[in-house]
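Numbering (this note's numbering), first residue to last: 27 to 436.
Every residue, glycine too, gets a C-beta built ideally from N, C-alpha and C.
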Amino acid sequence: MAPRYFPAISGSEFYIQRISEILQKKNHKIKVFCSNALDFHAFGSSKGKRVKEKYSTINKIPIFRYPIKRFPGISLFIKKTYSPYKKVLKQLNLWNVLPLGYLNLLTNGPFTPELLLQMIRGHTDIIHSVCMPFATNLFALLAGKLKKVSSICTPFYHFVNPRYHNPTYIKFLNKFEKILTCSHKESMYLIKNGLQKEKVQRIHMGIDMKKLRKGNADKFRQHFNLRDDEKIILFCGYKNFEKGAITLLQSIKHVVKKFPNCTFVFIGPSTTAFNRTKRNLGDLRKHTINLGVVPYYAKIKLNAFAAQDIYVMPSRTDAYGIAFLEAWAYKKPVIGANVGATPEIIRQNKDGLLVPFHSPLELAKAIRRLLKNKQEAQRLGEIGYQKVQNLSWDRVATRIERIYQELIQN
Numbered sequence: 027m028a029p030r031y032f033p034a035i036s037g038s039e040f041y042i043q044r045i046s047e048i049l050q051k052k053n054h055k056i057k058v059f060c061s062n063a064l065d066f067h068a069f070g071s072s073k074g075k076r077v078k079e080k081y082s083t084i085n086k087i088p089i090f091r092y093p094i095k096r097f098p099g100i101s102l103f104i105k106k107t108y109s110p111y112k113k114v115l116k117q118l119n120l121w122n123v124l125p126l127g128y129l130n131l132l133t134n135g136p137f138t139p140e141l142l143l144q145m146i147r148g149h150t151d152i153i154h155s156v157c158m159p160f161a162t163n164l165f166a167l168l169a170g171k172l173k174k175v176s177s178i179c180t181p182f183y184h185f186v187n188p189r190y191h192n193p194t195y196i197k198f199l200n201k202f203e204k205i206l207t208c209s210h211k212e213s214m215y216l217i218k219n220g221l222q223k224e225k226v227q228r229i230h231m232g233i234d235m236k237k238l239r240k241g242n243a244d245k246f247r248q249h250f251n252l253r254d255d256e257k258i259i260l261f262c263g264y265k266n267f268e269k270g271a272i273t274l275l276q277s278i279k280h281v282v283k284k285f286p287n288c289t290f291v292f293i294g295p296s297t298t299a300f301n302r303t304k305r306n307l308g309d310l311r312k313h314t315i316n317l318g319v320v321p322y323y324a325k326i327k328l329n330a331f332a333a334q335d336i337y338v339m340p341s342r343t344d345a346y347g348i349a350f351l352e353a354w355a356y357k358k359p360v361i362g363a364n365v366g367a368t369p370e371i372i373r374q375n376k377d378g379l380l381v382p383f384h385s386p387l388e389l390a391k392a393i394r395r396l397l398k399n400k401q402e403a404q405r406l407g408e409i410g411y412q413k414v415q416n417l418s419w420d421r422v423a424t425r426i427e428r429i430y431q432e433l434i435q436n
């Protein structure tokens with residue numbers, strides 16, 4: 027169960043998609059339940075984008091999408107009554123009647139009561155939800171308790187983000203039979219803040235090396251009329267402040283002063299803040315290529331990864347950062363933020379560089395360093411490439427399959 031599913035694009039959707047597809051090939055019967063949201067804006071606004079089809083199959087996986095409901099009266103209660111008393115309500119833990127503190131999950135959306143109803147009615151042996159702090163996790167847990175089947179959660183817990191600093195969330199996660207984490211840092215944060223240690227299972231993310239390595243650098247340069255000596259800095263993800271896209275835009279002026287033959291390529295959904303910051307660049311916009319949402323293995327994305335000189339994603343909201351692995355698959359150096367789980371993925375000066383979160387000047391220095399030192403950039407990319415050789419989605423799915431089997435048998 028997920029808040030969204032492909033063609034919605036993000037790390038958690040990709041995770042559940044790859045696990046589902048691999049387990050389906052192993053003759054497991056997989057069904058995906060999600061909202062009909064295409065973007066996060068749809069969780070709380072009628073202006074958000076949605077997928078029209080209620081039922082479809084994607085790579086032989088049946089996908090059931092349910093409409094998001096909104097009730098103005100409830101929204102007014104949340105704004106006028108619930109919010110002022112949130113600190114008090116967080117201290118309550120009344121599971122027998124829905125804990126008032128857990129109302130946070132419902133307010134985060136997507137509120138899809140029909141999804142919960144269908145989960146309760148249908149047959150299942152195990153329920154796996156992803157991506158805190160969204161309401162679909164609450165529906166997954168409720169369905170599991172009512173049906174008396176095991177439920178597990180991969181929360182992708184962005185523990186640096188203040189939005190996640192809510193003790194109710196970890197109390198909630200303790201209700202699941204298993205919690206799958208992506209990194210040691212994520213595991214330790216959750217355990218330190220009250221999650222039962224025996225429930226935690228750490229499983230790193232993976233890549234599909236054969237699919238990823240189909241990119242063509244020359245075709246990307248030809249498509250955008252980029253010279254052979256043009257340096258390409260790539261960002262792929264949600265273009266917001268948390269992911270570091272705004273910081274990268276702000277670093278451009280510091281980079282092109284010394285390296286004017288640079289193009290910054292952005293792939294992923296845009297935000298108002300990103301578009302505003304980009305407009306304010308003025309003439310520097312000629313150094314940018316702004317692509318929208320593209321499928322995970324779209325040719326233009328793979329070609330961009332093949333053509334890039336440096337991959338940059340100075341984010342504070344990544345539970346893992348799959349895109350770093352994808353860049354390493356092409357032997358490219360990476361730059362991330364020295365915060366959250368990223369320092370566990372990128373080892374400073376060994377397979378990449380780390381910079382302070384939201385520091386355009388420090389980010390620019392790191393980019394200039396790699397552009398100036400080709401041997402260092404090549405060394406970092408090569409070590410990263412060796413690192414991802416054993417990080418496959420097949421391996422991830424096999425470990426998750428074992429957990430499913432253990433819980434079902436017990």
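Endpoints, beta strand (DSSP E) assigned at residue i
{"i": "Phe300", "result": "Here Phe300 belongs to no beta strand (DSSP E); instead the alpha helix (DSSP H) covers 298-305."}
{"i": "Asn316", "result": "314-316"}
{"i": "Ser177", "result": "176-180"}
{"i": "Val338", "result": "336-339"}
{"i": "Thr289", "result": "288-293"}
{"i": "Ser277", "result": "Where Ser277 is concerned, there is no enclosing beta strand (DSSP E), although the alpha helix (DSSP H) it sits in stretches over 271-282."}
{"i": "Thr83", "result": "81-84"}
{"i": "Ser71", "result": "Looking at the DSSP string, Ser71 is not in any beta strand (DSSP E), and its letter there is neither H nor E."}
{"i": "Phe59", "result": "58-61"}
{"i": "Val156", "result": "152-156"}
8 Å Cβ cutoff met for residue i and residue j
{"i": "Met231", "j": "Tyr411", "result": "no"}
{"i": "Ala403", "j": "Pro359", "result": "yes"}
{"i": "Pro386", "j": "Thr314", "result": "no"}
{"i": "Asp244", "j": "Ile434", "result": "no"}
{"i": "Ile196", "j": "Glu352", "result": "no"}
{"i": "Phe246", "j": "Asn329", "result": "yes"}
{"i": "Ala367", "j": "Ser209", "result": "yes"}
{"i": "Glu256", "j": "Thr303", "result": "no"}
{"i": "Leu131", "j": "Pro159", "result": "yes"}
{"i": "Ile393", "j": "Ile326", "result": "no"}
{"i": "Leu380", "j": "Asn364", "result": "yes"}
{"i": "Ala28", "j": "Thr207", "result": "no"}
{"i": "Ser177", "j": "Ser213", "result": "no"}
{"i": "Leu172", "j": "Ile153", "result": "no"}
{"i": "Gly378", "j": "Leu417", "result": "no"}
{"i": "Ser38", "j": "Cys179", "result": "no"}
{"i": "Lys55", "j": "Phe90", "result": "no"}
{"i": "Ile423", "j": "Ile87", "result": "Before going on, a small fix: residue 423 reads as Ala here, not Ile. No, the pair does not count as a contact, with Cβ atoms beyond the cut-off."}
{"i": "Ile426", "j": "Ile258", "result": "no"}
{"i": "Gln227", "j": "Ile429", "result": "yes"}
Buried/exposed call for residue i, threshold 16 Cβ in 10 Å
{"i": "Gly148", "result": "exposed"}
{"i": "Gln334", "result": "buried"}
{"i": "Leu120", "result": "Only weak support exists for where Leu120 lies, its pLDDT of 43 falling under 50; the value from the coordinates is given anyway. By the 10 Å Cβ count, Leu120 comes out exposed."}
{"i": "Ala324", "result": "exposed"}
{"i": "Phe32", "result": "buried"}
{"i": "Lys174", "result": "exposed"}
{"i": "Asp344", "result": "buried"}
{"i": "Val123", "result": "Bear in mind that the predicted position of Val123 carries a pLDDT of just 38, short of 50, making it unreliable; the figure below should be weighed with that in mind. Per the 10 Å Cβ criterion, exposed."}
{"i": "Asp309", "result": "exposed"}
{"i": "Leu143", "result": "exposed"}
{"i": "Asn192", "result": "buried"}
{"i": "Gln43", "result": "buried"}
{"i": "Arg30", "result": "buried"}
{"i": "Glu388", "result": "buried"}
{"i": "Arg305", "result": "exposed"}
{"i": "Lys240", "result": "exposed"}
{"i": "Lys211", "result": "buried"}
{"i": "Lys376", "result": "exposed"}
{"i": "Asp420", "result": "exposed"}
{"i": "Gly318", "result": "exposed"}
{"i": "Lys51", "result": "exposed"}
{"i": "Lys269", "result": "buried"}
Residue span of the alpha helix (DSSP H) that contains residue i, given as start and end
{"i": "Gly410", "result": "400-413"}
{"i": "Gln76", "result": "Looking at the sequence itself, residue 76 is Arg, so the reference to Gln does not match. Element bounds for Arg76: n/a, residue is neither H nor E."}
{"i": "Ala423", "result": "419-435"}
{"i": "Arg147", "result": "139-147"}
{"i": "Phe165", "result": "161-173"}
{"i": "Tyr41", "result": "37-51"}
{"i": "Leu129", "result": "129-134"}
beta-carbon residue i near the ligand COA non-hydrogen atom, thresh 7 Å
{"i": "Asp420", "result": "The model depicted lacks the ligand COA and carries no ligand whatsoever."}
Task: At least 3 beta-carbon pairs within less than 8 Å: the region 197-211 vs the region 153-169 - done: yes
- [ ] Entirely within the region 183-262 and at least 3 residues each: give me those beta strand (DSSP E) ranges in chain order.
- [x] Whole beta strand (DSSP E) segments, 3+ residues: 204-207, 226-228, 257-262.
- [ ] Flag this pair as touching only if the region 290-299 and the region 264-273 have three or more C-beta atom pairs under 8 Å; answer yes or no.
- [x] yes
TODO: Decide yes or no for the touch test of the region 79-94 against the region 183-195: beta carbon pairs closer than 8 Å, at least 3 of them.
DONE: Because the criterion of three Cβ pairs below 8 Å is not met, the region 79-94 and the region 183-195 do not touch.
- [ ] Spell out a yes or no on whether the region 126-137 and the region 58-75 are touching, meaning 3 or more CB-CB pairs, one atom from each, closer than 8 Å.
- [x] yes
- [ ] Could you tell me which uninterrupted beta strand (DSSP E) segments, each at least 3 residues in length, are contained entirely in the region 325-402, listed from first to last along the chain?
- [x] You should have 336-339, 360-363, 379-381.
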